[in-house]
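Right, one structure below, let's go through it.
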Amino acid sequence: MYKFPIKNLFIASALVLSMNAVTAQDGLVNSLKVNISAKSAESFTFTDVINLGNTSIKNQGSSGTCWSYSTNSYLESEMIRMGKEPVELSQVFSARNAYVEKGKNYVRMHGAVTLGDGGELHDVTNMFRKYGAVPQSVYSGLNYGTTKNKFAEMAGITEAMLAAVVKNPNGELTPNWEKAYAAVIDSYLGEVPKNFDYKGKNYTPQSFAKEVVGINPDEYVEFASYSTEPYYAKTMMMVPDNWSFDLVYNVKMNDMTAIIDNALKSGFTVAWASDVSEKSFSWKNGVAYVPTKKFEDMTTEEKENMFNGPKPELEITEELRQKAFDNYQTTDDHAMHIVGLAKDQTGKEYYIVKNSWGVTNDYKGYLYVTKNFVKYKTTSFMVNRAGIPTDIAKKIGA
5 MYKFPIKNLF
15 IASALVLSMN
25 AVTAQDGLVN
35 SLKVNISAKS
45 AESFTFTDVI
55 NLGNTSIKNQ
65 GSSGTCWSYS
75 TNSYLESEMI
85 RMGKEPVELS
95 QVFSARNAYV
105 EKGKNYVRMH
115 GAVTLGDGGE
125 LHDVTNMFRK
135 YGAVPQSVYS
145 GLNYGTTKNK
155 FAEMAGITEA
165 MLAAVVKNPN
175 GELTPNWEKA
185 YAAVIDSYLG
195 EVPKNFDYKG
205 KNYTPQSFAK
215 EVVGINPDEY
225 VEFASYSTEP
235 YYAKTMMMVP
245 DNWSFDLVYN
255 VKMNDMTAII
265 DNALKSGFTV
275 AWASDVSEKS
285 FSWKNGVAYV
295 PTKKFEDMTT
305 EEKENMFNGP
315 KPELEITEEL
325 RQKAFDNYQT
335 TDDHAMHIVG
345 LAKDQTGKEY
355 YIVKNSWGVT
365 NDYKGYLYVT
375 KNFVKYKTTS
385 FMVNRAGIPT
395 DIAKKIGA
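Take a look at the structure:
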């Protein structure tokens, strides 16, 4: 199976696919550059209410691996909460293993599963359970001379390869396709170490996960909110990047912020996935909220001043939230890490959110996101079971 001429078989489709892959992440970041007001930082005064321990800001580069960066950051904060010295975990190790498992699902589903860099919060805990964890210093994923992730070429080639496998040209699949697929990934990201040294001791990824990181993946619970499904029961997370078809607990819209608030007050941070392709989400100014007017109905002055200080917000209902989701106005764009709670000068509360796009914005990599934005645009979030309010925990049987 390694004998076919890869250049002839894959290169045309790989070029198209790699262009699509780079567009997804870089296009999102570039589209948000216009969401900016000139005097935002001087127009807000934020005061921390809760600010929980978290590690340094990272940069996911040109890769759609926000789910891995945010959830590994979350696990690092869990180490801090447990009194451990946090380790910078390899985000690409989680992603690499998810790519392998996603490829298997893609072939089993005859190609009817989303590919690409995208994933969900649970992918990190699922891969942790199966493969373990390694430090960033051991597995950076920078295997071909880059200083930041740049995965488009790899994605183009692997997607073309899997498309060829699904066509099943031999009439029966050989076991070699999985080896060939993993070999391509490893040629870009590096081979996974079977053993490695860390602070004078030798580990496997599994023993490092157990002895050093020390989290139990079964302690983490994922939530979403759909008014179309029964509440307080498990339901399918209805987003394309849920390639593993994981189920999540469905809760009411207001339960989402109740759970997040309780977790933060109890000392737990929160992994958070959301739509960020909104005119009212400013990465540069580090603020996100829900305006009372649609962007197209605003005056030029209102548009220019969108992020210059606190603004009134639209009241969010479950009906409005569900309509936005069903009409693709709320999509599964990005994952981040909620690490605290703050108030502005009017007393309104905002979640302090850690991003993975470097430190180039007004708040050095962090954002302030209103509770209304979270109610409206959240696609899923993950908390430690111990951070769930007692009444909601009873309803879901947690």
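Per my numbering, residue 5 is the first one in the sequence shown, and the count goes up by one each step. For every residue, glycine included, the Cβ atom is placed at its ideal position computed from N, Cα and C.
Asked: Local conformation of Thr394 per DSSP, three classes; Found: helix
Asked: Own chain residues within Cβ distance below 7 Å of Gly290, not counting five before or after; Found: Asn365, Asp366, Tyr367, Tyr370, Leu371 and Tyr372
Asked: Bridge partners - Val225, DSSP secondary structure assignment; Found: Val387
Asked: Neighbourhood of Thr59 by C-beta distance below 6 Å, restricted to the same chain and skipping five residues each side; Found: Glu80 and Pro90
Asked: Environment of Glu195 [buried if 16+ CB atoms lie within 10 Å]; Found: exposed
Asked: Spatial distance of Pro244 from Val117 (CA atoms); Found: 8 Å
Asked: C-beta atoms of Asp279 and Thr232 nearer than 8 Å; Found: no
Asked: Glu105 versus Glu300: straight-line alpha-carbon distance, rounded; Found: 42 Å
Asked: Buried/exposed call for Arg325, threshold 16 Cβ in 10 Å; Found: buried
Asked: Host alpha helix (DSSP H) of Met302 (start-end); Found: Segment: none, Met302 is in no alpha helix (DSSP H) and carries neither H nor E.
Asked: 8 Å contact criterion, which Met165 and Tyr192 should meet: CB distance rounded; Found: Contact doesn't hold; Cβ gap of about 13 Å is too wide.
Asked: Local conformation of Trp177 per DSSP, three classes; Found: Note that residue 177 corresponds to Leu in the displayed sequence, not to Trp. Three-state result, Leu177: coil.
Asked: Assigned secondary structure, Met260 (DSSP; H/G/I helix, E/B strand, else coil); Found: helix
Asked: Nearest-angstrom Cβ-Cβ length linking Tyr143 and Pro197, presumed shorter than 8 Å; Found: 7 Å
Asked: 7 Å CB neighbourhood of Gly391 in its chain, flanking five on each side removed; Found: Asn266, Ala267, Ser270 and Phe272
Asked: Extent of the continuous alpha helix (DSSP H) to which Val357 belongs; Found: Careful: Val357 lies outside any alpha helix (DSSP H), inside the beta strand (DSSP E) at Glu353 to Lys358.
Asked: Per-residue burial, Asn246 [other beta carbons within 10 Å of its own, 16 or more giving buried]; Found: buried
Asked: Gly313 to Tyr293 span [Cα, whole Å]; Found: 11 Å
Asked: Of the listed residues Asp222, Glu82 and Val128, nearest to Ala102 (C-alpha basis); Found: Val128
Asked: For Tyr73, the first and last residue of its enclosing beta strand (DSSP E); Found: Premise fails: Tyr73 lies in the alpha helix (DSSP H), Cys70 to Arg85, not in any beta strand (DSSP E).
Asked: Candidates Thr383, Val111, Tyr355 and Glu306, of which the one nearest Tyr332 by Cα; Found: Thr383
Asked: Exposure label - Pro295; buried when at least 16 CB within 10 Å; Found: buried
Asked: Three CB pairs or more closer than 8 Å across the region 198-209 and the region 350-359; Found: no
Asked: Phe249 classed as buried or exposed, judged by whether at least 16 other C-beta atoms fall within 10 angstroms; Found: exposed
Asked: Residue(s) in a DSSP beta bridge with Met240; Found: Leu251
Asked: Residue nearest to Asn147 in terms of C-alpha spacing, selected from Ile400, Tyr236, Lys134 and Arg100; Found: Arg100
Asked: Beta strand (DSSP E) runs contained entirely in the region 109-153, provided each spans 3 or more residues; Found: none
Asked: Supposed contact pair Gly351 and Ile54 - C-beta distance, whole angstroms, cut 8 Å; Found: The Cβ separation is near 15 Å, so there is no contact.
Asked: Between the CA atoms of Asn172 and Leu125 - distance to the nearest angstrom; Found: 32 Å
Asked: Pair within 8 Å by beta-carbon distance, Phe285 and Leu32; Found: no
Asked: Beta-carbon gap between Val225 and Tyr253 smaller than 8 Å; Found: yes
Asked: Beta-bridge pairing of Thr382 - partner residues as DSSP gives them; Found: Ser278
Asked: 8 Å Cβ cutoff met for Gln64 and Asn153; Found: yes
Asked: Straight-line gap, Val26 to Tyr78 (C-alpha atoms, nearest Å); Found: With a pLDDT of only 48 at Val26, under 50, the local geometry of the prediction cannot be trusted, and the value read off the model is given with reservation. If I take the Cα positions, the gap works out to 26 Å.
Asked: Where Asn289 sits in the DSSP three-state scheme; Found: coil
Asked: Own chain partners of Ser44 with C-beta closer than 6 Å, once the 5 adjacent residues on each side are dropped; Found: Asn289, Phe311 and Asn312
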